[in-house]
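One structure is given here, and the rest of the page talks about it.
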Amino acid sequence: MHTNRRDFLKLSAAAATATAFGGLGFARNAKAGKLPDHAAALNPKWSKQTTSICCYCAVGCGLIVNTSLKDMRAVNVEGDPDHPINEGALCAKGASIWQLAENDRRPDSVLYRAPYSKEFKKVSLAWALEKIAHNVKKTRDETFTVKNAKGQVVNRCDGIASVGSAALDNEECWAYQTMLRSLGLVYIEHQARI
Amino acid sequence: MTNHWTDIQNSDCILIMGSNAAENHPISFKWVTRAQEKGATVIHVDPRFTRTSAKADMHMTLRSGSDIAVLGGMIKYILDKDLIFKDYVVNYTNASFILGDKYTFDDGLFSGYDPKTKSYDKSTWAFAMDADGNPKKDPTLKNPRCVYQMLKKHYARYDLDKVMAISGMSKKELVGLYETYAATGTGTKAGTIMYAMGWTQHTVGVQYIRTMAMVQLLLGNIGVAGGGVNALRGESNVQGSTDQCLLFHILPGYLKTPSAKDDSFEAYNKAYTPHSNDPKSANWWQNYPKYSASLLKSMWQDDDPAKSYEYLPRLDKNAASIYSWLPMFDKMEEGMFKGLFAWGMNPACSGANSNKTRNALSKLDWLVNVNIFPNETGWFWEGPGMDPTKIKTEVFFLPCAVSIEKEGSITNSGRWMQWRYKGPNAPNDQKPDGDLIYELMHEIQSLYKKEGGAYPEPITRLTWDAIATNGVFDPHKTAQLINGRFTRDIEIKGKMYKKGELVPSFAFLQADGSTTSGNWLYCNSYTEKGNMAARRDLAQTPEQANIGLFPNFSWCWPVNRRILYNRASVDLQGKPYNPKKAVIAWNGEKWVGDVPDGGWAPGSKYAFIMRKHGFGQLFGPGRADGPLPEYYEPLECPVKEHPFSKTLHNPTAIKFDDEKKAVCDPRYPLIGTTYRVTEHWQTGLMTRNCDWLTECEPQVFVEMSPELAEMRGIGSGDKVVIESLRGSLWGKAIVTKRLKPFSIQGTTVHQVGLPWHFGWTWPKDGGDSANLLTPSVGDPNTGIPETKAFMVNVRKA
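Residue numbers (this note's numbering), protein chains in the order written: chain Z, 1 to 194; chain W, 1 to 797.
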């Protein structure tokens, strides 16, 4: 679904309805009036609630995410009133996270662009990972530096660099640095540098 | 942040400088407002009038790039009027340390400068040592070579007239700022600083922050509730990604990346483990070998750390001028790299000098781009001015899950590590980054196991399944590995721990391979008591509730200590300087309140436990560009000289000599700066694709004063071109009194500003990145580019 302005207004109205009936937005017994689909979707019979933390700035505001049990897609994201930092409030970005997830501009496939090509083509993840792994191995084997110009042992891969990422979770960051360093990369940078 | 978000409510004076917190960290303002309601004064110093200024009690404008003059002037004001909190300064800072004979400062240059290498020999900045090998001190602060006296001498030049002339601030504004802020130096008041990229993105960015940290030490504002030095970090996990050290110079937990000279694990540990001869210095980094061994043991579990140390790659020299972002892309443009991972990043818009970055991408053989949406990096080959038929780069775009579609933890600016649960499934079977990382490395590992290759051991011996369960990336298992486990049955401090048990805290980590810990700072975050980051308990003792500490909600590094350096909030008897807002207090037997910086009895250890000598560093001999902050102009600037010395620019700044800079260049007479808006985020990659947000902020705008607009014949809403030596872009003019001309050394200087959230892929007619304008020059300590002050021109399109 591509959300246009009309959908936005509809959804905003639905969110307002749910909030009016449900107090802090939990809407457990909300009766939705004119927009029954959305409000009913927040009912725990049809949706699950999980807590999360906003993905934008580093204030770390708490979120409550409602997910439809029918199709396991987000139906609502709002500020967590029990969170001691934001106490339920969100800024414009945090309040739009539902649209970040439910967004038809997200590519529906892994994409591959061959050298000198004018376009991307759709490929499978398995195909891409295998080809990337071969590229990494070929480059690493060809550019591996055992000793530097001074003759000191450095055991590093000078032909590959990495940028990323403060958008990863801690566990993912740790896994990523472990991967890069075991490959021998030293050109490792990310958002914190810029 | 030394402190945390809810702590801002405890402040008596909040200085916001180098930040537009109300618009860029909107929820932080909940706590600024709460402090204000209780009587705190909020001061905003910024080149522009923003929503932060609108809410502040005092607002004053300064020319972008002139902050050290203003803050250096504050140090002079505090010292001249003797407004320091003396008990704190003597007991907790190195004000009393005596400098060695070799330290000198002359006309903008410190001793030890080598013009050939454009770097300093820092050994000339050493302290004079006594017979025991400890720094000589004079607690009376009278010795002419003591740090306190040297500070007085250094900042004597920073008088009001000079500061006014170069910053464009008025005398009244400067005195108002100094008087109001310095009033917090009493022990019973707290002043805090909130800063962001407005301070870091300069060739003297680190010294901006040092100058303010020194102000905070002089006023006794570090370690206290409502005080501290608080960086408002801009990405939800940029604190965590820094802690996990996705940076060339550090390994997880801020351990040093090995250099070529560190040719064995023993030599490595010896080089980076500080030693103090003073029994009162806790010198916490003396534990370095425990943390390095535990890290290696978590990556390569079947090898002894001394052996697996050989698996780590080594730098020629740990220097930002060689390996950081700017030199990396410079080398990429020269063709040094064949492959690049741009994982959760959009460098084609985010780094300085976007044309250079985009051109560099075309020199790669292959590029792996993992992201949520199409972006200017993965799609660079069809961008403006590119001919795809001439670009060899093979590109893989891997779409990934968004944050609410996966499980794991992130660490906010206040060091709170918070667990996120998985809500919806990602569409089209897209996977979290962690799964992609695990599967890719698994594939590479299989290849090396099968075929061999260059130095295969670091890959083939990597304990990669330690982060997965049944072949699927497992965030809980990874979080436990980051915390660490005992690798054998062992007795520590009289208690037995079983093999496989989670380590309770970093105080239990060992140097002999008997513990794993992927990051010692996070040891205590996932223990036998459970996943501490997932805690949601709001319970507090009355002391904790009094300052909004929330110690049972989430978890905070280190060891759940919410306010860093808190031993400096009490006197040598353990009595809080400000009993009304006590952080910790000694009740005769133990500390109550926050987790103290070490449990030792009051007065038995120095307060700054992470420093070798145990004192807050007014004199900081570790930085690349000098032990005391000094005024230098941005590398592109509108003046030929400044009043503090004949050294115009930071002599150690990172730059590329073949790239010209605009200094008093009549073609580029305007100061340019970049900033953010509430509705967009970073390069805009995520927010530009959300229609709700793009409706609010659809395209690039260029803000300018009515005076400049009149000179250029520009009206509000006109399409204008903004250009620098490196590139140009169009934007819609906003003519506004939010910007005003400055009087700099008697000359009128204009400044313009624009947001940097846009890029050519989306939305249509949204414009392009403001980083097309910014120069490839950076801070010598961090390598952060100077994107907050550069020279441009603006004309009607």
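Glycine included, C-beta positions come from ideal geometry on N, C-alpha and C.
Short CB-CB distance (under 8 Å) between residue i and chain Z
i                  : result
Gln-244 of chain W : yes
Lys-422 of chain W : yes
Cys-13 of chain W  : no
Thr-393 of chain W : yes
Ile-404 of chain W : yes
Lys-449 of chain W : no
Gln-418 of chain W : yes
Pro-741 of chain W : no
Leu-247 of chain W : yes
Chain-ordered chain Z contacts of residue i [CB-CB under 7 Å]
i                  : result
Ile-372 of chain W : Arg-106
Tyr-675 of chain W : In chain order: nothing, as chain Z lies at least about 14 Å away.
Tyr-323 of chain W : Val-186 and Tyr-187
Chain-ordered chain W contacts of residue i [CB-CB under 8 Å]
i                  : result
Pro-84 of chain Z  : Thr-6, Leu-538, Gly-548, Phe-550 and Phe-553
Glu-130 of chain Z : Glu-443
Ala-40 of chain Z  : Those within 8 Å of Ala-40 of chain Z in chain W number zero; the least Cβ separation is about 17 Å.
Neighbourhood of residue i by C-beta distance below 6 Å, restricted to the same chain and skipping five residues each side
i                  : result
Arg-806 of chain W : Lying before the first or after the last residue shown, residue 806 of chain W is absent from chain W, which here runs from 1 to 797.
Gly-253 of chain W : Tyr-291, Asn-519, Trp-520 and Leu-521
Met-791 of chain W : Glu-636, Ala-662 and Tyr-668
Chain-ordered chain W contacts of residue i [CB-CB under 7 Å]
i                  : result
Trp-174 of chain Z : Gln-244, Pro-252, Thr-478, Ile-482, Gly-518 and Asn-519
Gly-159 of chain Z : Phe-337, Lys-338 and Gly-339
is_contact[residue i, chain W] using C-beta, thresh 8 Å
i                  : result
Lys-118 of chain Z : yes
Ser-109 of chain Z : yes
Ser-165 of chain Z : yes
Leu-81 of chain Z  : Per the sequence shown, residue 81 of chain Z should be read as Pro rather than Leu. It does not; no Cβ of chain W falls within 8 Å.
Gln-191 of chain Z : yes
Asn-43 of chain Z  : no
Lys-137 of chain Z : yes
Lys-70 of chain Z  : no
Ala-92 of chain Z  : yes
Gly-60 of chain Z  : yes
Glu-171 of chain Z : yes
Ser-124 of chain Z : no
Ile-194 of chain Z : yes
Partner residues on chain Z for residue i, Cβ-Cβ distance less than 9 Å
i                  : result
Tyr-311 of chain W : Asn-155, Arg-181, Ser-182 and Gly-184
Cys-637 of chain W : Within 9 Å Cβ-Cβ: nothing; Cys-637 of chain W doesn't reach chain Z, min ~21 Å.
Cβ neighbours of residue i in the same chain (closer than 7 Å, five flanking residues each side left out)
i                  : result
Asn-355 of chain W : Arg-726, Gly-727 and Leu-772
Thr-273 of chain W : Trp-285, Gln-286, Tyr-288 and Pro-289
Lys-131 of chain Z : none
Trp-300 of chain W : Ser-308, Tyr-311, Arg-461, Leu-462 and Thr-463
His-202 of chain W : Gly-65, Tyr-208, Pro-634, Asp-779, Glu-786, Lys-788 and Ala-789
Gly-378 of chain W : Asn-369, Asn-371, Val-395 and Phe-397
Sequence-distant residues of its chain with Cβ nearer than 8 Å to residue i (five each side left out)
i                  : result
Thr-469 of chain W : Lys-477
Gln-510 of chain W : Lys-290, Ala-293, Ser-294, Ile-490 and Ile-492
Selected residue, minimal CA-CA separation from residue i, among the options
i                  : options                                       : result
Thr-516 of chain W : W:Ser-525, W:Asp-330, W:Lys-529 and W:Leu-502 : W:Leu-502
Arg-667 of chain W : W:Glu-636, W:His-642, W:Cys-696 and W:Glu-697 : W:Glu-636
Glu-710 of chain W : W:Val-794, W:Gly-598, W:Ser-96 and W:Ala-479  : W:Val-794
Gly-453 of chain W : Z:Lys-138, Z:Ala-166, Z:Arg-113 and Z:Gly-60  : Z:Lys-138
Ala-95 of chain Z  : Z:Cys-54, Z:Ala-41 and Z:Pro-44               : Z:Cys-54
Pro-602 of chain W : W:Asn-587, W:Met-610 and W:Arg-611            : W:Asn-587
Arg-738 of chain W : W:Pro-706, W:Ile-744, W:Lys-719 and W:Asp-302 : W:Pro-706
Asp-101 of chain W : W:Ser-123, W:Lys-38 and W:Tyr-88              : W:Ser-123
Leu-151 of chain W : W:Asn-269, W:Glu-457, W:Leu-217 and W:Asn-524 : W:Leu-217
Val-402 of chain W : Z:Asp-71, Z:Pro-107 and Z:Arg-140             : Z:Pro-107
Chain W contact residues for residue i, given Cβ-Cβ distances below 9 Å
i                  : result
Lys-121 of chain Z : Chain W residues near Lys-121 of chain Z: none, gap ~11 Å exceeds 9 Å.
Where residue i meets chain Z, residues with beta-carbon distance less than 8 Å
i                 : result
Ile-16 of chain W : Within 8 Å Cβ-Cβ: nothing; Ile-16 of chain W doesn't reach chain Z, min ~15 Å.
*Which runs of the alpha helix (DSSP H), 4 residues or longer, sit entirely within the segment 98-128 of chain W?*
Listed in chain order, there is nothing to give.
_Please give me, in chain order, every unbroken run of the beta strand (DSSP E) with length at least 3 that falls completely inside the segment 45-81 of chain W._
Runs found: 58-60.
_So within the segment 571-613 of chain W, which uninterrupted beta strand (DSSP E) runs reach at least 3 residues, ignoring any that extend past its ends?_
As far as the segment 571-613 of chain W is concerned, its whole beta strand (DSSP E) runs of at least 3 residues are 584-586 and 591-593.
*beta strand (DSSP E) runs contained entirely in the segment 164-202 of chain W, provided each spans 3 or more residues*: The segment 164-202 of chain W contains these whole beta strand (DSSP E) runs: 191-195.
*Which runs of the alpha helix (DSSP H), 4 residues or longer, sit entirely within the segment 712-775 of chain W?*
Complete alpha helix (DSSP H) runs here, min 4: none at all.
*For the segment 346-396 of chain W, which segments carrying the alpha helix (DSSP H) assignment without a break, of at least 4 residues, lie completely within its bounds, in sequence order?*
As far as the segment 346-396 of chain W is concerned, its whole alpha helix (DSSP H) runs of at least 4 residues are 347-350 and 354-361.
*What residue ranges within the segment 637-681 of chain W form continuous beta strand (DSSP E) runs of no fewer than 3 residues, ordered along the chain?*
Runs of the beta strand (DSSP E) lying entirely within the segment 637-681 of chain W and spanning at least 3 residues, in chain order: 670-675.
*Complete beta strand (DSSP E) runs within the segment 397-477 of chain W (minimum length 3 residues, chain order)*: Counting only runs of at least 3 residues, the segment 397-477 of chain W fully encloses the following beta strand (DSSP E) elements, listed from N- to C-terminal order: 408-411 and 416-420.
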